[in-house]
Amino acid sequence: RMEKFETFGAALKASWAKFKLVKQMREGIARFTFRKKDGSERAALGTLREGNFSYQYKGGKGTAKANIVKYFDIERNAFRSFRLENLIAA
Numbered sequence: 012r013m014e015k016f017e018t019f020g021a022a023l024k025a026s027w028a029k030f031k032l033v034k035q036m037r038e039g040i041a042r043f044t045f046r047k048k049d050g051s052e053r054a055a056l057g058t059l060r061e062g063n064f065s066y067q068y069k070g071g072k073g074t075a076k077a078n079i080v081k082y083f084d085i086e087r088n089a090f091r092s093f094r095l096e097n098l099i100a101a
């Protein structure tokens with residue numbers, strides 16, 4: 012879906028950024044920054060790797076959305092998510 016991106020190239024760039032971030036979180040811990048709904052920036056420390064932290068991934072209910080990035084926030088000890096178009100740095 013391109014309505015959030017000005018060009019196809021920008022959409023591809025965002026898609027690759029998500030791919031790399033999710034890969035890094037599956038392998039361990041990733042540090043990244045995104046823009047929250049209120050416009051403020053949030054630096055996060057996230058993971059999707061099981062076994063090292065106090066969570067157990069149980070598969071979501073519903074369908075995955077390509078423009079949403081879900082992660083386990085190590086600092087908040089809870090799952091969080093943000094929209095791909097709000098990713099600032101990974």
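Counting the sequence shown from 1 gives a position; our numbering is that position plus 11.
Built from N, CA and C at the ideal position, the CB exists for glycine as well.
What you are looking at is a predicted structure, and each value in this text was computed from that prediction instead of being measured.
Non-local C-beta neighbours of lysine 47 in its own chain, meaning closer than 7 Å and more than five positions away in sequence, comprise Arg53, ordered along the chain. Of the candidates Ile85, Phe93, Asp84 and Glu86, Phe93 places its Cα closest to the Cα of alanine 75.
Minimum Cα-Cα distance from glutamate 17 among the listed residues Glu96, Val80 and Ala101 corresponds to Glu96. Runs of the alpha helix (DSSP H) lying entirely within the segment 15-87 and spanning at least 4 residues, in chain order: 19-38.
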